[in-house]
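Quick notes on the structure that follows.
Protein chains in written order, with my numbering: chain D, 1 to 211; chain H, 1 to 232.
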């Protein structure tokens, strides 16, 4: 097994260039991409999450770690695909209809990409029918819906209803988040998961997919 | 642009509000607690964004000042068809006049933010987003400073209160945009009651007897979202 410590350190430090270089070295030394994820990336991102929870890291540190990880995935994903390995999951994400706030959604998308998910970002002001067509087109396993306004939160329910009416609801997990969104609200609108912040999104998505 | 509503006592438009953009405050906007240091790569990104933004940011704002015609703990009436409802009536108690204002960090800021996200640079996008929020907030603070010139002897300003929180439903944006010509500073109200440019702030500031109006504290103290990233 190649030494993955340099790659892990680079992820922890948010050093994207260093992480990519270390990953290339590991590959050249014969590392298996799947093992690189299991033995290097996942533990490093777990440590990033732990440091966030303990108040040692803040959201920007999460982001740069995710950015470093995303760079590695871009490198190894084609090799993983050749071996038949799939991404952690396919996610369609967007800010609900009527809402233009994208920072929370963008952070979650970046974290999910760093967590090895294939993310399709639908942007802001996303109508329920657009969610439905994206789920079909991308064969998504998870839908992430974001809202910052109490007035646009009901659109989460509309999107979930649209998935149900399209016959897609049983095949996809829906996670919701945003400043005014709560666990209780998530349950009320029929979502499967709720993320309190961007840091928790990867864990929620993995849990929903039984990973 | 013609507005339908009561006649204001006065209107001012500030085409450029010179605001301070301090690194320490920006770090608070990015979620760092007081005294915490960002890692070098983040600190470099913050310094670079501040440098670029200082030359390009042009916050602006406008207000219209109205007499308060009637007030209860749950209503604030500025005209026959201009009644705000909710806790705002109590928050602005004893205010004899109310400034209805709109401020914005400006479209230049939004262009920078969008370009960063479009380029896939999440860190830069986040930093610029925080800078935009800070720019809009600082513009509102500057506008409040200018408003002090309208105070009579023994009067003080209240904090600013905005629709969407602070005891006002976001739908009351429509009334705010009827009472002040936000178009004069390039701000548009969307059907969702959001503003365009997104990094804009609207709201009410009361003017009244210093010993009777609420003058201290943050509107965030009234908000139940204790974990909100934007809490001040």
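No residue lacks a Cβ here, since even glycine has one placed at the ideal position from N, Cα and C.
Since the structure is predicted, the reported quantities are computational estimates derived from the model, not experimental observations.
Assign residue i to one of three DSSP states: helix, strand, or coil.
i	result
residue 124 of chain D	coil
residue 74 of chain D	helix
residue 135 of chain D	helix
residue 69 of chain D	helix
residue 60 of chain D	helix
residue 53 of chain H	helix
residue 60 of chain H	strand
residue 70 of chain H	strand
residue 48 of chain H	helix
residue 82 of chain H	strand
residue 242 of chain H	The requested residue 242 of chain H does not occur in the structure, where chain H is confined to residues 1 to 232.
residue 41 of chain H	helix
residue 188 of chain H	strand
residue 175 of chain D	strand
residue 11 of chain D	helix
residue 5 of chain D	helix
residue 118 of chain D	strand
residue 193 of chain D	strand
residue 54 of chain D	coil
residue 92 of chain H	coil
residue 27 of chain H	helix
residue 151 of chain H	coil
Hey, how far is the Cα of residue i from the Cα of residue j?
i	j	result
residue 51 of chain H	residue 68 of chain H	43 Å
residue 208 of chain D	residue 140 of chain D	13 Å
residue 172 of chain D	residue 98 of chain H	50 Å
residue 63 of chain H	residue 214 of chain H	20 Å
residue 129 of chain H	residue 25 of chain H	14 Å
residue 72 of chain H	residue 188 of chain D	34 Å
residue 162 of chain D	residue 113 of chain D	26 Å
residue 212 of chain H	residue 93 of chain H	8 Å
residue 194 of chain H	residue 154 of chain D	16 Å
residue 177 of chain H	residue 82 of chain H	11 Å
residue 148 of chain H	residue 202 of chain D	48 Å
residue 208 of chain H	residue 100 of chain D	36 Å
residue 194 of chain D	residue 153 of chain H	52 Å
residue 168 of chain H	residue 162 of chain H	7 Å
residue 210 of chain H	residue 179 of chain H	25 Å
Residue i versus chain H: which residues are under 7 Å apart at the beta carbon?
i	result
residue 158 of chain D	Under the 7 Å cutoff, chain H gives no residues; its nearest Cβ is about 14 Å from residue 158 of chain D.
residue 60 of chain D	30, 38, 42, 123 and 126
residue 63 of chain D	122, 123 and 126
residue 38 of chain D	Residues of chain H passing the Cβ test: none, with the nearest at roughly 25 Å.
residue 212 of chain D	Any property of residue 212 of chain D remains undetermined from this structure, which presents chain D solely from 1 to 211.
residue 110 of chain D	122
Residues of chain D with CB under 9 Å from residue i, in chain order?
i	result
residue 314 of chain H	Outside the displayed range of chain H (1 to 232) lies residue 314 of chain H, so it cannot be described from this structure.
residue 103 of chain H	Correct list: empty, because the minimum Cβ distance to chain D is about 18 Å.
residue 193 of chain H	98, 149 and 151
Mind checking which residues open and close the alpha helix (DSSP H) that includes residue i?
i	result
residue 86 of chain H	Taken as a continuous stretch (DSSP letters only), residue 86 of chain H belongs to no alpha helix (DSSP H), as it is neither H nor E.
residue 114 of chain D	103–114
residue 154 of chain D	154–165
residue 107 of chain H	107–118
residue 177 of chain H	173–179
residue 127 of chain H	122–147
residue 207 of chain D	198–208
residue 188 of chain D	183–188
Locate the beta strand (DSSP E) running through residue i, then write down its first and last residues.
i	result
residue 159 of chain H	155–161
residue 104 of chain H	97–104
residue 36 of chain D	Residue 36 of chain D -> no beta strand (DSSP E), and no H or E assigned at all.
residue 207 of chain H	200–209
residue 27 of chain D	Careful: residue 27 of chain D lies outside any beta strand (DSSP E), inside the alpha helix (DSSP H) at 16–28.
residue 90 of chain D	90–95
residue 12 of chain H	10–14
residue 145 of chain D	142–146
Chain D partners of residue i, CB-CB under 8 Å?
i	result
residue 198 of chain H	100 and 101
residue 170 of chain H	149, 150 and 151
Find the residues of chain D that neighbour residue i, judging by a C-beta separation of less than 7 Å, and give them in chain order.
i	result
residue 164 of chain H	149
residue 129 of chain H	103
Give the interface partners of residue i over in chain H, defined as CB-CB distance under 8 Å, in chain order.
i	result
residue 107 of chain D	122 and 126
If the cut is a Cβ gap below 7 Å, which residues of chain A does residue i touch?
i	result
residue 14 of chain D	Included in the structure are the protein chains D and H, with no chain A among them.
*Touching or not, the segment 123–139 of chain D and the segment 90–99 of chain D, by the rule of three or more beta carbon pairs under 8 Å?*
yes
_the segment 99–116 of chain D contacting the segment 57–72 of chain D, beta-carbon criterion three pairs below 8 Å_ = yes
*asked:* For the structure I just gave you, are there three or more beta carbon pairs, one from the segment 151–167 of chain H and one from the segment 21–39 of chain H, closer than 8 Å?
replied: no
*asked:* Quick test of the definition: if touching needs 3 or more C-beta pairs under 8 Å, does the segment 7–18 of chain D touch the segment 29–44 of chain D?
replied: yes
_Given 8 Å, three or more beta-carbon pairs between the segment 118–131 of chain D and the segment 129–144 of chain H_ = no
_Does the structure place the segment 71–87 of chain D close enough to the segment 22–29 of chain D that three or more beta carbon pairs sit under 8 Å?_
yes
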